[in-house]
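In terms of my numbering, the sequence shown has 151 at position 146, counting the first letter as 1, and numbering is strictly consecutive. Just so you know, even glycine gets a beta-carbon here, dropped at the ideal spot from N, CA and C. What you are looking at is a predicted structure, and each value in this text was computed from that prediction instead of being measured. Structure first, then comments.
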Amino acid sequence: HGTSKINDKGHLEIGGKDVTELAAEFGTPLYIVDETLVRQRAREYVEAFKASGLKFQVAYASKAFCVMAMCALAEEENMSLDVVSDGELHTALKAGFPVERIHFHGNNKTPDEINMALDANIGCFVVDNFVELHLLNALAADKGKKVKILLRITPGVEAHTHDYISTGQQDSKFGFDLGNGSAYRAIVEGLKLDNVEILGVHSHIGSQIFEVEGFRMAVDKVAGFAVQIKEELGYTFQVINLGGGFGIRYTNEDKPLPVAEYVKAITDAIITNFTNAGYSLPEIWVEPGRSIVGDAGTTLYTVGTSKDIPGVRKYIAVDGGMTDNPRPALYESKYDAILANRANEPLEETVSVAGKCCESGDMLIWDLELPKVEKDDLLAVFCTGAYNYAMASNYNRIRRPAVVFVKDGQADLVVKRESFQDIVGNDVIPARLQKAA
Ligand code: LLP
6 HGTSKINDKG
16 HLEIGGKDVT
26 ELAAEFGTPL
36 YIVDETLVRQ
46 RAREYVEAFK
56 ASGLKFQVAY
66 ASKAFCVMAM
76 CALAEEENMS
86 LDVVSDGELH
96 TALKAGFPVE
106 RIHFHGNNKT
116 PDEINMALDA
126 NIGCFVVDNF
136 VELHLLNALA
146 ADKGKKVKIL
156 LRITPGVEAH
166 THDYISTGQQ
176 DSKFGFDLGN
186 GSAYRAIVEG
196 LKLDNVEILG
206 VHSHIGSQIF
216 EVEGFRMAVD
226 KVAGFAVQIK
236 EELGYTFQVI
246 NLGGGFGIRY
256 TNEDKPLPVA
266 EYVKAITDAI
276 ITNFTNAGYS
286 LPEIWVEPGR
296 SIVGDAGTTL
306 YTVGTSKDIP
316 GVRKYIAVDG
326 GMTDNPRPAL
336 YESKYDAILA
346 NRANEPLEET
356 VSVAGKCCES
366 GDMLIWDLEL
376 PKVEKDDLLA
386 VFCTGAYNYA
396 MASNYNRIRR
406 PAVVFVKDGQ
416 ADLVVKRESF
426 QDIVGNDVIP
436 ARLQKAA
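Given below as C-alpha cells:
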C-alpha cells in the first residue's frame with residue numbers, strides 16, 4: 006500500500022527508497038514514514054469534507070505522532086492540530102504551526118499549560134470538566150482575554166473497540182455527561198462566564214472504530230442536544246467536533262472503510278439532523294490521528310538471535326520491541342510483517358517475533374509466516390506510524406530509534422536516534438554518592 010513495493014532485488018522499497026539502504030544509512034530499529042501516504046490520507050479527509058459543502062476543520066490528533074516535521078506536514082496539508090499537553094503544544098509552536106488552528110485537549114490541563122496556551126493565542130480550548138471551565142475563565146480574565154471553547158460531552162455512545170480506548174460511554178473520565186444533565190449545566194454555566202466563548206460541543210467516541218454507526222449515533226445525540234440548547238437557552242452552536250477514531254487496517258482481520266465513507270456518514274447525518282430541525286448548519290471539525298499516520302509508518306528491525314523449541318515454537322528476536330512499539334503488550338494489538346531483504350521468497354516457516362526487553366510480554370507478533378529467517382535479516386513491521394514513536398519508552402535504557410520521512414527517492418531524518426548522552430543526560434549523582442577523587 007502507499008508507495009511501498011518490492012523492487013527487482015526482492016527488497017522492500019518505500020517512497021522510492023530501498024529499505025536495505027535505509028538500514029545501512031540510518032541503522033535499525035528505524036521508523037520509516039511514507040510521506041506521500043500521509044499527505045494522501047490528509048487529502049482524503051479534506052476532499053471528503055469539501056464535497057459535503059459544510060464548513061470544516063480537519064485537526065490532526067498529534068498524540069498519534071507528534072514531532073516538528075509532522076506538524077509542518079499537517080500545516081502544509083491544511084490541517085488544524087489537536088494537542089493534549091504542553092509538550093505537544095511546544096512542539097507545534099516550535100514548528101511554527103499557525104496558532105489559530107491549534108486546539109487544546111485534555112482532562113487535566115494544568116494552570117501552567119493553560120497559561121502557555123493563552124499566551125500563544127491558540128484557536129480553541131476543548132474544555133473537559135467544570136473545574137477546568139472555571140479555571141480557564143479565571144486565567145483568561147487575568148490576561149484580559151476571551152477565548153474560544155468547545156465543551157467536550159460524553160454522548161453515551163460506546164464504540165465497538167478495545168475497552169481501554171473507549172471514551173464515549175458514560176463511565177469515562179472524559180467530558181460532561183449528556184445523560185445526567187452535566188452537559189446542559191456546563192452550557193448554562195459557560196454562558197455566564199465573561200472570558201470564554203462557547204463555539205459548540207465536542208464528542209469523541211473511541212479509537213480504531215470500523216463501523217459508521219457509532220459516529221451516526223453520536224451525531225444524533227449531539228444534534229438533539231444542540232436543538233434542546235437552542236430551544237431552551239436560545240443559544241446556537243457554530244461548531245460540532247466529532248473527534249477521531251477512524252480505524253485502519255493493521256492486518257487482514259481489520260476491515261476499515263475508505264476515509265470518504267466515514268466523512269460522508271458524519272456530514273450526511275449532520276445535514277439531515279440540523280436541516281430537519283431548522284438549525285443553521287454548523288461547522289464540522291474532526292480529529293483523526295491514527296488514520297492520518299498509522300499505515301504510513303513501517304518499523305525496520307534487524308533480526309538477531311533465535312530460539313527453536315521443537316514441536317512448540319520458534320522465536321526470533323529483533324533489535325527493538327516493546328520500547329518502540331508497546332501496543333502488542335498493552336492492547337494485544339496485531340501487526341503484519343515481512344522479511345524486507347528477501348521479500349520475494351516463499352514463506353517457509355512460522356515464527357514469533359520477540360523484542361529484546363527483559364520480560365516475556367515483550368512480543369511483537371505471534372505466529373508470523375516468513376521465508377526461512379536468518380540472523381541479520383531485516384524485518385519490516387507495517388502500520389507503525391501511529392502510537393508507536395509517540396508511546397516509545399526508554400525501558401531497559403534502550404535508546405529510541407530514529408525516524409525518517411521518505412518521498413520520491415529521498416530520505417530525510419526527522420528525529421535523530423537517541424544517544425547515550427540522551428540516556429544519562431538528566432541523571433544526577435548526589436555528592437554523597439560520588440566516589441572520592
Ligand atoms: N480526539 C480525541 C479527543 C482523542 O482522545 C483521540 C484519541 C483522538 C482524537 C484521535 O483518535 P484516533 O483518530 O487516533 O483514533 N494509544 C492508543 C490510542 C489512544 C487514543 C486516544 N485518543 C492506541 O495505541 O491504540
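**Message:** Give me the DSSP bridge partner(s) of Glu374.
**Reply:** As computed with DSSP, Glu374 is found in a beta bridge with Thr355.
**Item:** Bounding residues of the beta strand (DSSP E) (the contiguous stretch that carries Phe220)
**Value:** For Phe220, no beta strand (DSSP E) run applies; the uninterrupted alpha helix (DSSP H) run containing it begins and ends at Glu218 to Leu238, by DSSP.
**Prompt:** Just to confirm, does Asp87 get its C-beta within under 7 angstroms of one of the non-hydrogen atoms of the ligand LLP?
**Reply:** For the ligand LLP, at least one heavy atom lies less than 7 angstroms from the Cβ of Asp87.
**Item:** N-terminal and C-terminal residue of the alpha helix (DSSP H) that Ser296 is part of
**Value:** First-last of the alpha helix (DSSP H) with Ser296: Arg295 to Val298.
**Prompt:** Roughly how far, in whole angstroms, is the beta-carbon of Tyr306 from the beta-carbon of Leu183, given that I think they are within contact range, below 8 angstroms?
**Reply:** Contact doesn't hold; Cβ gap of about 45 angstroms is too wide.
**Item:** Under 8 angstroms between C-beta atoms of Val136 and Ile107
**Value:** Cβ distance not < 8 angstroms, so Val136 and Ile107 don't count as in contact.
**Asked** Leaving out the 5 sequence neighbours to the left and right, which residues in its chain are closer than 7 angstroms to His16 when beta-carbon positions are compared?
**Response** Around His16: Asp23, Val24, Thr25, Ala345, Asn346 and Ala348.
**Prompt:** Say the cut is 7 angstroms; is the CB of Lys114 nearer than that to a heavy atom of the ligand LLP?
**Reply:** Placement of the Cβ of Lys114 at a distance of 7 angstroms or more from every heavy atom of the ligand LLP is found.
**Prompt:** Can you tell which of Lys197, Tyr240 and Val206 has its C-alpha closest to the C-alpha of Gly510?
**Reply:** An answer regarding residue 510 cannot be provided, because it is not within the stretch 6 to 442 covered by the chain.
**Prompt:** Okay, do the stretch 366 to 383 and the stretch 59 to 73 touch, 3+ Cβ pairs below 8 angstroms being the bar?
**Reply:** Contact between the stretch 366 to 383 and the stretch 59 to 73 is absent: fewer than 3 CB-CB pairs across the two stretches fall below 8 angstroms.
**Asked** So is Glu449 buried or exposed if we call it buried at 16+ other beta carbons inside 10 Å?
**Response** A query on residue 449 cannot be resolved here, the shown segment of the chain reaching from 6 to 442 and no further.
**Prompt:** Excluding five sequence neighbours on each side, which residues of the same chain lie with their C-beta closer than 6 angstroms to the C-beta of Val162?
**Reply:** Within the same chain, Gly173, Ile210, Gly219, Met222 and Ala223 come within 6 angstroms of Val162 by CB-CB distance, once the 5 residues on both sides are set aside.
**Request:** Please confirm whether Pro287 and Val244 have their CB atoms less than 8 angstroms apart.
**Result:** Yes, they are a contact pair.
**Message:** Taking only three categories from DSSP, how would you classify Phe181?
**Reply:** In this structure, Phe181 counts as strand in the three-state DSSP scheme.
**Prompt:** Would you say the stretch 87 to 104 touches the stretch 62 to 79, given that touching needs at least three Cβ pairs under 8 angstroms?
**Reply:** The answer is yes - the stretch 62 to 79 touches the stretch 87 to 104, with three or more Cβ pairs under 8 angstroms.
**Message:** Going by DSSP in three states, Gly7 sits in which element: helix, strand or coil?
**Reply:** DSSP places Gly7 in coil when its eight states are reduced to three.
**Asked** Measuring from the CB of Phe54, is there a heavy atom of the ligand LLP at a distance below 7 angstroms?
**Response** Checking the 7 angstroms criterion, the Cβ of Phe54 is out of range of every heavy atom belonging to the ligand LLP.
**Message:** Rounding to the nearest angstrom, what Cα-Cα distance links Ala322 and Val356 in this structure?
**Reply:** Cα to Cα, the separation comes out at about 10 angstroms.
**Message:** Suppose you measure from the CA of Asp168 to the CA of Val291; what does that come to, to the nearest Å?
**Reply:** In this predicted model, Asp168 has a pLDDT of only 42, less than 50, meaning its place in the structure is not dependable; the value taken from the coordinates is given anyway. Looking at the two C-alpha atoms, the distance is approximately 22 angstroms.
**7 angstroms Cβ shell around Gly390 - same chain, five flanking residues per side excluded** = Within the same chain, and ignoring the five residues on either side of Gly390 in sequence, the residues whose Cβ sits closer than 7 angstroms to its Cβ are Val38, Phe70, Val298, Gly299, Asp300, Ala301 and Gly302.
**Of the listed residues Ile203, Asp259, Tyr240 and Ile214, nearest to Gly250 (C-alpha basis)** = Looking at Ile203, Asp259, Tyr240 and Ile214, the one whose alpha-carbon comes closest to that of Gly250 is Ile214.
**Prompt:** Rounded to a whole number of angstroms, what is the C-alpha to C-alpha distance between Val429 and Ser296?
**Reply:** Taking the CA atoms as reference points, Val429 sits about 35 angstroms from Ser296.
**Item:** Outcome for Gly325 when other beta-carbon atoms lying within 10 angstroms are tallied against a minimum of 16
**Value:** Per the 10 Å Cβ criterion, buried.
**Prompt:** By how many angstroms is the C-alpha of Ser85 removed from the C-alpha of Ala79?
**Reply:** As the crow flies, the alpha-carbon of Ala79 is around 7 angstroms from that of Ser85.
**Request:** With hydrogens ignored, establish whether the beta-carbon of Phe425 is closer than 7 angstroms to any heavy atom of the ligand LLP.
**Result:** False, no ligand heavy atom lies under 7 angstroms from that Cβ.
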